[in-house]
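Per our numbering, residue 553 is the first one in the sequence shown, and the count goes up by one each step. Take a look at the structure set out below.
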Amino acid sequence: MQSIATEIIQHLPRNNEARRLFHGRGRALPGYQDLLIDSYGSLIWVTLFAERDDDWLQQLAELLQTLLPQATTIAVRRRDLPHDRPVLLCGELPDKPLAHEAGLNYQLRLTAGQNIGFFIDMAAGRKLVREISAGKKILNLFSYTCSFSVAALAGGARQVVNVDMNRGALQLGRTNHQLNNLDLRKVSFLPHEIFRSLSRLRKLGPFDLIICDPPFAQGKNFTAETHWPKLVARLASLLAPAGEVIACLNAPQMSATDLRSIFAENLPNLQEACCLTAGADFPEADPERGLTIQHYIRI
Ligand SMILES: C[S@@+](CC[C@H](N)C(=O)[O-])C[C@H]1O[C@@H](n2cnc3c(N)ncnc32)[C@H](O)[C@@H]1O
C-alpha cells in the first residue's frame, strides 16, 4: 500500500477538480497495471482490471480515507467483467455525480455501460479544443457524451456537430451542454454510424476543425489498423481550406508514430502543429503507446 500512497500524495485533487490519483494502466508502476483511482469531488472511483481480494480492498479503502478526508464515497468497478456493477467500500453512490474540470461540469453515469460518461485522461485535449475553437464550425466525430463540444462552445465555437452511433451517449451529451448553460441552438447531435453518413456530413461542412476520437476497437464499427486510414482519407472532403484536425489515439497496438504516418500518407497537405499526451498524472512506461493527441493544420 505504501507505493500507492506515495503516488496518490503526488496527485492530490485540487478543490473539487476531477483528477486521476493513481494510474497503473500505463505499466510505469510495477505490480499495479490493473488499478486506476480517480477523484470526483467527494466520490473516489476505483477501477480494477483484475480481481483483488477483500482484505486488499479494505486496506485500500482505509488508505484512501486517510489521504482524502473529503471522500464520502469510495466505489470499485471491475472493468474486466463487462456487466459488473460498482461495489461500495464506503458511503453511497451520489444521485447526480459530476466531474468538474476547468470551470465546466460533466454528468457521470456510474451504473450504465463500461465507461462512466467522462474520459478523465482527455483533459489536455479539451483544453486544446477550448483554446482554438473561437468562431469555428466544428465536427466532433465519435463524440460520445460530447465533452469536446462542451469545451469548444465554452471557448466560443460558432457551431458544433456531434456524431456518435450511441444515442444514449448523445443524450447525456445534451445534458452536459444544459449543465453548463451553453446555447443548444449552436449544437447538433447526430446518432449516425460515421462511415455510412459521410455524404450527409459533407453537406453540413466544410468544417474549420474536425475532432477524431475513435475507440481503439469496437467490433465491426472501429478497428484502429483498418479504420484510421479510411477515416483520415475521408477528412479532406469535410475540411475547410485552412481547416484543422485533432486526432486522438489510445490504442496499444498502434503508436503515435503510426498515426503520424497515416496522416502523412492519406492527407499530405496537413502539417502537425503539436502533439500532446494525457500529462503527468498518467505515467506511461512507453509514451508512444499511451494517449496521443495530434493537432494538424491544413497548409
Ligand atoms: C473513445 S469514445 C469517444 C470519447 C469522446 N470523444 C470524449 O471525449 O468523451 C468512442 C465513441 O465512438 C463511438 N463509435 C465507435 N465506432 C463508431 C462508428 N463507426 N460510428 C459512430 N460512432 C462510433 C462509440 O459509440 C463511442 O461513443
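The beta carbon of each residue, even a glycine, is placed where N, CA and C say it ideally should be. Bear in mind that the values here come from a model prediction, so they are computed numbers and not experimental data.
Element boundaries [beta strand (DSSP E), containing Asn733]: Mapped onto the sequence shown, residue 733 falls at position 181. Asn733 -> no beta strand (DSSP E), and no H or E assigned at all.
Uninterrupted alpha helix (DSSP H) stretches inside the region 596–636 (no shorter than 4 residues): 606–619
Pairwise C-alpha distance: Leu595 and Ile589: To locate residue 589, count along the sequence shown from 1; it is residue 37. To locate residue 595, count along the sequence shown from 1; it is residue 43. Their backbone Cα atoms lie some 11 Å apart in a straight line.
Proximity of Leu724 and Gly677 at Cβ, strictly below 8 Å: In the sequence shown, counting from the first residue as 1, residue 724 sits at position 172. In the sequence shown, counting from the first residue as 1, residue 677 sits at position 125. Against a cut-off of 8 Å, the Cβ pair of Gly677 and Leu724 comes out as no contact.
Euclidean distance between Cα positions of Pro743 and Ser701: By one-based count along the sequence shown, residue 743 stands at place 191. By one-based count along the sequence shown, residue 701 stands at place 149. Going by the C-alpha atoms only, they are around 15 Å apart.
Residues passing the C-beta test against ligand 1 heavy atoms, cut-off 6 Å: Phe671, Met674, Phe694, Ser695, Tyr696, Thr697, Ser699, Phe700, Asp716, Met717, Asn718, Ala721, Glu745, Ile746, Phe747, Asp765, Pro766, Pro767, Gln770, Asn773, Phe774
Alpha-carbon spacing of Leu645 relative to Ala792, whole angstroms: In the sequence shown, counting from the first residue as 1, residue 645 sits at position 93. In the sequence shown, counting from the first residue as 1, residue 792 sits at position 240. Each residue's alpha carbon lies about 45 Å from the other.
Helix, strand or coil at Ala825 [DSSP, three-state]: Taking the first residue of the sequence shown as 1, we reach residue 825 at position 273. Three-state DSSP puts Ala825 in a strand.
Three-way DSSP call (helix, strand, coil) for Asp855 in this model: Nothing can be reported for residue 855: it is not among the residues displayed for the chain, which extend from 553 to 851.
Cβ separation of Gly583 and Leu691, assumed to be a contact under 8 Å, to the nearest whole Å: Taking the sequence shown and counting its residues from 1, the one referred to as residue 583 is at position 31. Taking the sequence shown and counting its residues from 1, the one referred to as residue 691 is at position 139. In this structure Gly583 does not touch Leu691 by the C-beta definition: roughly 42 Å separates them, more than the 8 Å allowed.
Reference Leu722, options Ile746, Val712, Thr624, Ser695, closest by Cα: Counted from its first residue, the sequence shown places residue 722 at position 170. Of Ile746, Val712, Thr624, Ser695, the residue nearest in Cα terms is Ser695.
Within-8 Å CB hit, Leu843 to chain C: Protein chains in the displayed structure number just one, and chain C is not present.
C-alpha gap between Gln659 and Asn568, whole angstroms: Here residue 659 is taken as the residue at index 107 of the sequence shown, counted from 1. Here residue 568 is taken as the residue at index 16 of the sequence shown, counted from 1. Spanning the two alpha carbons is a distance of roughly 14 Å.
Coarse secondary structure for Ile589, derived from DSSP in three states: Numbered from 1 along the sequence shown, position 37 holds the residue referred to as residue 589. Residue state, collapsed to three classes: strand.
CB of Ser685 within 8 Å of CB of Gly655, strictly: Sequence index remark: in the sequence shown, residue 685 carries index 133 (1-based). Sequence index remark: in the sequence shown, residue 655 carries index 103 (1-based). No, these two residues do not count as a Cβ contact at 8 Å.
Classification of Asn802 by the beta-carbon crowding that lies within 10 angstroms, buried from 16 upward: The residue given as residue 802 occupies position 250 in the sequence shown. Asn802 should be labelled buried.
C-alpha gap between Ala776 and Asn818, whole angstroms: Counting from 1 along the sequence shown, the entry for residue 776 is found at position 224. Counting from 1 along the sequence shown, the entry for residue 818 is found at position 266. Approximately 15 Å, taken between the alpha carbons.
According to DSSP, residues forming a beta bridge with Lys688: The residue you call residue 688 lines up with position 136 of the sequence shown. DSSP, once it has assigned bridges, lists no residue as partnering Lys688.
Beta-carbon proximity of Asn728 to Cys698, cut-off 8 Å: Locating residue 728 in the sequence shown gives position 176, counting from the first residue. Locating residue 698 in the sequence shown gives position 146, counting from the first residue. It is a contact, given that the beta carbons lie within the stated cut-off.
Euclidean distance between Cα positions of Leu734 and Gly687: Taking the sequence shown and counting its residues from 1, one reaches residue 734 at position 182. Taking the sequence shown and counting its residues from 1, one reaches residue 687 at position 135. Cα to Cα, the separation comes out at about 15 Å.
Leu790 to Asn714 span [Cα, whole Å]: For the purposes of this step, residue 790 is identified with residue 238 of the sequence shown, where counting begins at 1. For the purposes of this step, residue 714 is identified with residue 162 of the sequence shown, where counting begins at 1. Leu790 and Asn714: Cα-Cα distance of roughly 14 Å.
Limits of the alpha helix (DSSP H) - the one that His563 falls within: In the sequence shown, counting from the first residue as 1, residue 563 sits at position 11. Counting along the chain, His563 falls outside any alpha helix (DSSP H), and DSSP gives it neither H nor E.
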